[in-house]
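One structure below.
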């Protein structure tokens with residue numbers, strides 16, 4: 618499965634918009650891009666997924682350029698409770714399991 | 267929906283003892299995954315099942331680890347004998363075949379082997 622690369626850590630302040638970019642240069646045609654969030658002492662939680670262009674839900678937006686070699690998770694107006702690890706992953710519906718990398722540790726302060 | 271249910275939440279055992287971790291997936295989900303998380307190695311896939319059949323167990327570290335899924339609503343991960351290096355948080359996750367909503371993870375079992 619294609620590997621993803623994302624920053625190890627990011628810092629932000631409350632109320633700011635946070636954008637986490639993920640690189641996946643070798644993404645395959647049938648790969649989807651999916652993001653998970655993990656709080657301390659909890660399992661990862663699915664946030665958003667997409668194939669191309671823009672996807673938005675009540676939690677975040679996902680921007681995917683035409684070449685699909687990268688994607689950006691956008692968190693609008695973060696709060697302290699958004700402090701977590703965010704994972705960018707690729708998967709296909711052929712049935713292979715998700716392989717998690719190190720993720721991006723987002724720290725939000727007041 | 268109660269989500270993915272794991273038990274026990276915490277387990278402390280002595281080296282050499284058998285440990286059994288349990289998981290009840292979400293009803294209707296046909297895929298089940300076992301992951302292990304440590305600070306050093308992050309979140310590692312151990313094994314996963316589709317329709318109760320093990321598909322990929324290449325992540326199982328040693329023969330001391332075994333997993334079963336006797337029916338669609340129950341799975342176990344067993345470690346026998348346990349060793350201190352098995353100390354970690356073990357997560358179970360389930361998903362439907364479409365995976366439109368991704369995986370749903372349980373709260374995990376924190377295992378400490380002393």
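Residue numbers (the working numbering), protein chains in the order written: chain A, 618 to 727; chain B, 267 to 380. Even glycine gets a Cβ: it sits at the ideal position worked out from N, Cα and C.
Counted within 10 angstroms of its Cβ, other Cβ atoms place residue i as buried (16 or more) or exposed
i             : result
residue 379/B : buried
residue 702/A : buried
residue 622/A : exposed
residue 281/B : exposed
residue 305/B : exposed
residue 663/A : buried
residue 660/A : buried
residue 683/A : exposed
residue 333/B : buried
residue 675/A : exposed
residue 635/A : buried
residue 625/A : exposed
residue 630/A : exposed
residue 272/B : buried
residue 278/B : exposed
Reference residue i; option with closest CA among the options
i             : options                    : result
residue 331/B : 318/B, 313/B, 339/B, 337/B : 313/B
residue 327/B : 318/B, 340/B, 353/B        : 353/B
residue 315/B : 306/B, 337/B, 329/B, 304/B : 337/B
residue 292/B : 317/B, 323/B, 350/B        : 317/B
residue 300/B : 716/A, 722/A, 694/A        : 716/A
residue 718/A : 680/A, 673/A, 678/A, 652/A : 652/A
residue 723/A : 647/A, 681/A, 656/A, 646/A : 656/A
residue 637/A : 714/A, 713/A, 711/A, 677/A : 677/A
residue 345/B : 296/B, 287/B, 295/B, 335/B : 287/B
residue 296/B : 268/B, 357/B, 321/B        : 321/B
residue 357/B : 351/B, 350/B, 363/B, 343/B : 343/B
residue 714/A : 268/B, 307/B, 323/B        : 323/B
Interface partners of residue i on chain A, CB under 9 Å
i             : result
residue 323/B : In chain order: nothing, as chain A lies at least about 11 Å away.
residue 282/B : Chain A residues near residue 282/B: none, gap ~28 Å exceeds 9 Å.
Min CB distance residue i to chain A below 8 Å
i             : result
residue 294/B : no
residue 311/B : yes
residue 314/B : yes
residue 340/B : no
residue 359/B : yes
residue 331/B : no
Partner residues on chain B for residue i, Cβ-Cβ distance less than 8 Å
i             : result
residue 651/A : 368
residue 663/A : 367, 368, 369, 370
residue 623/A : Chain B residues near residue 623/A: none, gap ~13 Å exceeds 8 Å.
Any chain B beta carbon closer than 8 Å to residue i
i             : result
residue 659/A : yes
residue 679/A : no
residue 671/A : no
residue 620/A : no
residue 666/A : yes
Pair within 8 Å by beta-carbon distance, residue i and residue j
i             : j             : result
residue 319/B : residue 377/B : no
residue 644/A : residue 667/A : no
residue 372/B : residue 289/B : yes
residue 360/B : residue 309/B : no
residue 302/B : residue 375/B : no
residue 700/A : residue 725/A : yes
residue 669/A : residue 642/A : no
residue 720/A : residue 708/A : no
residue 727/A : residue 692/A : no
residue 283/B : residue 341/B : no
residue 695/A : residue 633/A : yes
Listed by chain order, chain A residues near residue i by CB distance under 7 Å
i             : result
residue 374/B : 660
Under 7 Å by beta carbon: chain B residues contacting residue i
i             : result
residue 715/A : 369
Residue-chain proximity (residue i, chain C), Cβ-Cβ < 8 Å
i             : result
residue 719/A : Annotation note: the requested chain C is absent from the structure, which comprises protein chains A and B.
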